[in-house]
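Worksheet for the structure shown next.
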Ligand code: R2B
Ligand code: URA
């Protein structure tokens, strides 16, 4: 395959709706422009190609899906055949996601109680045990596991599910946990800027050997609305709005000195955390940048609502409190999301 020489052009090149990182080593792997065209569309998709979405629905920008009569969502253990998903999931308006199955199950029961919803919490029957979906009224609660790779697999399949079910005006919440820089355990963090571990407000991934970047766009209106609801109805939750940093690791990647490996000193850890604080970061977790980048690409309103399970200025552990404070506050993000949902349920 012949290659382009691309050294003189800027670092990020716009290609097919993405920005592509023009790393010198990409000289070896970036195919010629005509060849790129055959795999990634340079032009916005035509109306016909995007007929699966409108202004209110999920934006699936993949023309190859249009012709599929049967599609498998393998990690959800769900198959789309004809309009079966529309019948089952057509009324879904809210998706709540968070790391663990148990917390998402508890969130579903909390929604049922707090919103007075009829019918049982339904565990969507699946032969897979990757992700567990609980359905209650117009709400899905589903775990996303730990970290960006697990989250992006889940989001791809949830977006397809919502699109196939013709759901409109869906709002998705990450009801997560995080470490804070100076906020006590139990505080709520609403993300108004999501950065990666190099403090860039983007989500990068490698596609066809190229590094591509998506902006981690935030829905500021949604953040403000959640903050107002929280401050007026949950004043003991100590809600802060600020920058969340997502890392690719919980231990060394977040500067901990408690992992199996540690190549830095405790003093370096402390200096690093204070430097992060100085640049405006108030929380550290493992998904925010990808969550906001992919949800905005799918044109779904999204908010990160995290509860603090460790204040990193106090230590590295998350379960070292004697009165099990973390377990008691873990559902706070779900309580706040339910207050928001309440406003929009008819
Ligand atoms: C918060 O907690 C998890 C790590 O324990 C990770 O998924 C995150 O973002
Ligand atoms: N989740 C993280 O990723 N880090 C923390 O410190 C706590 C929860």
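Numbering (this note's numbering), first residue to last: 1393 to 1738.
For glycine and all other residues, C-beta sits at the position ideal for the given N, C-alpha and C.
Here the structure is a predicted model, which is why all the values come from computation and not from measurement.
Quick check on residue 1580: does DSSP put it in helix, strand or coil?
Three-state result, residue 1580: strand.
Run the proximity test for residue 1701: is its beta-carbon closer than 7 Å to any non-hydrogen atom belonging to the ligand URA?
Residue 1701: yes, Cβ under 7 Å from the ligand URA.
Between residue 1539 and residue 1565, what straight-line distance do the alpha-carbon atoms span, to the nearest angstrom?
Between residue 1539 and residue 1565, the C-alpha separation is close to 16 Å.
Apply the 10 Å Cβ neighbour rule to residue 1605 and answer buried if 16 or more other Cβ atoms are within range, or exposed otherwise.
So residue 1605 ends up on the buried side.
If contact is defined by three or more beta carbon pairs under 8 Å, each pair taking one atom from either stretch, is the segment 1713-1728 in contact with the segment 1591-1599?
Short answer: they don't touch.
Within a Cβ cutoff of 6 Å, which residues of the same chain sit near residue 1528, ignoring the five residues on either side of it in sequence?
Only 1500, 1503, 1504, 1509 and 1513 meet the Cβ criterion.
How big is the Cα-Cα spacing for residue 1471 and residue 1688?
In a straight line, the C-alpha of residue 1471 is about 25 Å away from that of residue 1688.
Starting from residue 1637 and walking both ways along the beta strand (DSSP E), at which residues does that stretch end?
Taken as a continuous stretch (DSSP letters only), the beta strand (DSSP E) holding residue 1637 covers 1631-1638.
Are the CB atoms of residue 1730 and residue 1507 nearer to each other than 8 Å?
The answer is yes: Cβ separation under 8 Å.
Does the beta carbon of residue 1503 come closer than 8 Å to any beta carbon on chain C?
This model lacks chain C altogether, as it is built from one protein chain only.
Please name the residue or residues paired with residue 1569 in a DSSP beta bridge.
Bridge partners of residue 1569: 1699.
Quick test of your reading: residue 1557 and residue 1482, contact by CB under 8 Å. State the CB separation rounded to the nearest angstrom.
Going by Cβ atoms, the distance from residue 1557 to residue 1482 rounds to 5 Å, so yes, they are a contact pair.
Can you give me the C-alpha to C-alpha distance between residue 1458 and residue 1678, rounded to a whole angstrom?
Roughly 33 Å separates the two Cα atoms.
Span of the alpha helix (DSSP H) holding residue 1616?
Run containing residue 1616: 1612-1625, per the alpha helix (DSSP H) assignment.
Along the beta strand (DSSP E) that carries residue 1675, what are the first and last residues, could you check?
Unbroken beta strand (DSSP E) run through residue 1675: 1673-1677.
Alpha carbon to alpha carbon, how far is residue 1737 from residue 1561?
Cα-Cα distance, rounded: 13 Å.
Among 1662, 1630 and 1634, which one has its Cα closest to the Cα of residue 1644?
Closest option to residue 1644, Cα to Cα, is 1662.
Are there three or more Cβ pairs, one per stretch, closer than 8 Å when the segment 1520-1534 is compared with the segment 1447-1461?
The segment 1520-1534 vs the segment 1447-1461: no contact.
Among 1716, 1536, 1704 and 1618, which has the Cα closest to the Cα of residue 1521?
Of the candidates 1716, 1536, 1704 and 1618, the one whose C-alpha sits nearest the C-alpha of residue 1521 is 1536.
How should residue 1541 be labelled, buried or exposed, when 16 other C-beta atoms within 10 angstroms of its C-beta is the threshold for buried?
That one is exposed.
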